[in-house]
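Peer 1:
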Amino acid sequence: MVVYRGFSLRRLVAAALIAAALPGMAAAQMPDGWPDLRDWPAIATAAHDQTVRLALTGDGTADPDFLEWAATELQARFGVRLDLVELPSDMAALEALRGEEPAPFDLAAVGSVAVARARMENLLPGRFAFRLPNWQFVDVAKHPSLLQAAGLPTRYGAVPLGLRRVTLYANTRATSARPDTPEAILTYARANPGRFAIVDPAAPDGEAFLEEMLFALADDPSLLQAPVKDADAEAVAQPLMDWLDTIRPLLWQEGQAFPANGAEARRLLAEGSVDMIADFDPLPGGAGSPSADGGGGEIAGFGLAVGGMVDAHFLLIDRDTPVPAAALVVADFLMSPQAQIRKADPALWGDASVLALSALPAEDAARLRQAMAPAIGFGPRDIAIPRPHISWIDWLRPAVAARLSAQ
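According to mature numbering (1 follows the signal peptide of the UniProt record, and there is no 0), the residues represented by the sequence shown are -26 to -1, 1 to 381, in order.
1. Does the Cβ of Leu370 have 16 or more other Cβ atoms within 10 Å, making it buried, or fewer, making it exposed?
2. Could you check what DSSP says for Val289 in three-state terms: helix, strand or coil?
3. What do you get for His287, buried or exposed, if any count of 16 or more other CB atoms within 10 angstroms of its CB means buried?
4. If you compare alpha carbons, which of Ala234, Asp285, Ala70, Leu81 is closest to Arg58?
5. Could you give the C-beta distance for Gly53 and His22, rounded to a whole number, given that I count them as a contact under 8 Å?
6. Evaluate Thr295 with the Cβ neighbour count: other Cβ atoms within 10 Å of its Cβ, from every protein chain shown; 16 or more gives buried, anything less gives exposed.
7. Could you compute how far the alpha carbon of Ala209 sits from the alpha carbon of Asp33?
8. Short check: CB of Asp174 to CB of Pro233, under 8 Å?
9. For Gly100, which of helix, strand or coil comes out of DSSP?
10. For Asp253, which residues from the same chain have a beta carbon less than 7 Å from its beta carbon, with the 5 sequence-adjacent residues on both sides left out?
11. Throw me the rounded Cβ distance for the Gln199 and Pro360 pair, which I believe falls under 8 Å.
12. Between Phe170 and Leu98, which are expected to be in contact by the criterion C-beta below 8 Å, what is the C-beta distance as a whole number of angstroms?
13. Can you give me the C-alpha to C-alpha distance between Asp113 and Phe104, rounded to a whole angstrom?
14. Quick one: what's got a C-beta closer than 6 Å to Ala205's C-beta in the same chain, skipping five residues either side?
15. Just to confirm my understanding: we take Thr220, look at its own chain, exclude 5 residues before and 5 after, and list those with CB closer than 8 Å. What are they?
16. How far does the alpha helix (DSSP H) with Ala211 in it reach, from first residue to last?
17. In terms of residue numbering, what span does the alpha helix (DSSP H) encompassing Thr161 cover?
18. Quick check: Leu11 and Phe111, are their CB atoms within less than 8 Å of each other?
19. Using CA coordinates, which residue listed in Arg377, Ala211, Ala176 is at the minimum distance from Ala190?
20. Using only the alpha-carbon positions, how far apart do Pro153 and Ile251 sit?
21. Drop a sphere of 10 angstroms on the beta-carbon of Met(-26), count the other beta-carbons inside from all chains shown, and report buried for 16 or more, exposed for fewer.
22. Is the Cβ-Cβ distance between Ala305 and Leu106 less than 8 Å?
23. Which residues does DSSP pair with Met19 in a beta bridge?
24. Closer than 8 Å by C-beta to Arg139: which residues in its own chain qualify, once you throw out the five before and the five after it? Chain order, please.
25. Looking at the strands, I want to know which residues DSSP matches up with Phe276.
26. Whose C-beta lies closer than 7 Å to the C-beta of Val84 among residues of the same chain, with five residues either side of it excluded?
27. With DSSP as the reference, label Ile350 as helix, strand or coil.
28. Taking just the CA atoms, how far does Gly125 sit from Pro195?
29. Exposed or buried, which one is Pro156 when buried takes at least 16 other CB atoms within 10 Å?
30. Between the C-alpha atoms of Leu331 and Ala375, what's the straight-line distance to the nearest angstrom?
31. Assuming Ala100 contacts Met4 (C-beta within less than 8 Å), just tell me the rounded distance between them.
32. For Ala231, does the three-state DSSP call read helix, strand or coil?
33. What is the C-beta distance between Ala92 and Leu71, in whole angstroms, given that I count them as a contact (C-beta under 8 Å)?
34. Mind pulling the beta strand (DSSP E) runs of 3 or more residues that sit fully within the stretch 325 to 379?
35. Ends of the alpha helix (DSSP H) at Glu245?
36. In the DSSP assignment, find the unbroken beta strand (DSSP E) run with Thr25 in it and report its ends.
Here it is as structure tokens:
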């Protein structure tokens, strides 16, 4: 019998069946060829000796080293082989799902915006995630973003993998004070021109930072959770646009160029070209790691006073995958306590867990709490800000691009 750290497969199956019987959980019609989600032992048997292609995108929603470990575990536990496929972006994964040719993957790790678009375009396979055995541990009470992708309900059509938040990272030698409001960031930039960098607003990291600024500056941020058509978008966004106009010439390269992605921004910070960046957590190498500029500072992460803009990332299963049973086994394992504890370790990845400590056995809860300890105590970062409704994201992207090109 397959055993998940202290739990028999039979016990996990029973828990999944109880969850499936809850009111309102009637499953939608699943694609042809998919197994009976109520029969997990049969799914595990069918998955044996199959290969699952898992797509990683350039948008940084999964860590290759963690997944290499997972591949070893999946082979040993379930006889499932995991092949990693590289794609340039989440949008490339969606394009593959839209195409007439078979997608080059069975499973893809993507951010919430991609899940929202997949939901809008009916690319999700149906309601299934709540039937997975490890769903019983998922903390949907604390993290509603695990059920809401950019303002749209996932309808259990995607499997939560992790959480990341917009975070400011700074060299402590140069930034002893932590500017944690839009006004304080602007004050810092005026006193230290060229030393603050934000990722290209067209990239996911930069886009999310500007969404956070939009939330922090808006008179009524609750409007961002409703479709953009229900509000005067230009009036709501005007404080952000004014802030962007003011800070842009004070940024790295006078705001005429931006780091292309989070990796480039982190490199600039590590080498001392800038003293502060905005990026998603976790920071590879960990907050508290030495700066490479030789000035004796350390890199520290902190959140804004209003909280952190949360981007949940998910596993999308191709509805037409030829190996649905194996894809389900992989998705469930990556949601398991063992995998989530490993993933949360900052020495390995540092990606926040989607599991509820209170739902875990005492030993697993203690291990997960220890793994996540470096991220606990950020204070305001513990306030989770949901990403805006996807219609706001679609409106903001060209509006910001037009603003930048006009200057």
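The beta-carbon is built from N, C-alpha and C at its ideal position, and this holds for glycine as well.
Peer 2: Once the coordinates are examined:
1. Buried is the call here.
2. In the sequence on display, residue 289 carries Leu and not Val. In the three-state reduction of the DSSP assignment, Leu289 falls in the strand class.
3. With 16 or more neighbouring CB atoms inside 10 Å of its own CB, His287 falls in the buried class.
4. Looking at the sequence itself, residue 58 is Leu, so the reference to Arg does not match. Put simply, of Ala234, Asp285, Ala70, Leu81 the residue whose alpha carbon is nearest the alpha carbon of Leu58 is Leu81.
5. Cβ atoms of Gly53 and His22 come within 8 Å of each other, at about 4 Å.
6. By the Cβ-count criterion, Thr295 is buried, with 16 or more other Cβ atoms from all chains shown falling within 10 Å of its own Cβ.
7. Taking the straight line from one Cα to the other gives about 31 Å.
8. Contact: yes.
9. Coil.
10. Same-chain partners within the cutoff: Thr141, Tyr143, Val173, Asp179, Gly236, Ala239, Arg240.
11. Taking C-beta atoms under 8 Å as the contact rule, Gln199 and Pro360 qualify, at a distance of about 7 Å.
12. Wrong, their Cβ atoms sit about 39 Å apart, outside the cutoff.
13. So the alpha carbons of these two residues sit roughly 12 Å apart.
14. Cβ-Cβ distances below 6 Å link Ala205 to Leu197 in the same chain, with the five nearest sequence neighbours on each side left out; the list follows chain order.
15. Annotation for Thr220: Leu160 place their beta carbon closer than 8 Å to its own, counting only its chain and skipping 5 residues before and after.
16. 207 to 221 is the span of the alpha helix (DSSP H), which, as asked, contains Ala211.
17. Where Thr161 is concerned, the enclosing alpha helix (DSSP H) stretches over 156 to 165.
18. Their beta carbons are not under 8 Å apart, which means Leu11 does not touch Phe111 by this criterion.
19. Nearest C-alpha to Ala190: Ala211.
20. Using only the alpha carbons, I get a separation of about 12 Å.
21. Residue confidence is low: Met(-26) scores 25 on pLDDT, short of 50, so the model does not pin down where it sits. Its coordinate-derived value is still stated next. Met(-26) should be labelled exposed.
22. Contact: yes.
23. According to the sequence shown, residue 19 is Thr rather than Met. In the DSSP output, where bridge partners are listed per residue, Thr19 has none listed.
24. The beta carbon of Arg139 lies closer than 8 Å to those of Phe254, Asp255, Gly277, Gly282, Met283, Val284, Asp285, Ala326, Arg355, Ala358 in the same chain, with the five residues before and after it left out.
25. Answer by DSSP bridge pairing, in chain order: Leu142.
26. Taken in chain order, the residues that qualify are Thr31, Thr35, Asp64, Ala67, His287, Phe288, Leu290.
27. Confidence is the limiting factor: at Ile350 the pLDDT is only 47, short of 50, which leaves the residue's position unreliable and the question unanswerable from this model.
28. Rounded to the nearest whole angstrom, the CA to CA distance from Pro195 to Gly125 is 13 Å.
29. With 16 or more other Cβ atoms within 10 Å, it is buried.
30. Going by the C-alpha atoms only, they are around 41 Å apart.
31. For the record, residue 100 in the displayed sequence is Gly; it is not Ala. About 5 Å; that satisfies the 8 Å criterion.
32. Note: Ala231 maps to coil in three-state DSSP.
33. A Cβ-Cβ separation of about 7 Å places Ala92 in contact with Leu71 under the 8 Å criterion.
34. Within the stretch 325 to 379, the complete beta strand (DSSP E) runs of at least 3 residues fall at 358 to 360.
35. From DSSP, the alpha helix (DSSP H) with Glu245 extends over 236 to 245.
36. It spans 25 to 31 - the beta strand (DSSP E) in which Thr25 sits, taken as one unbroken run.
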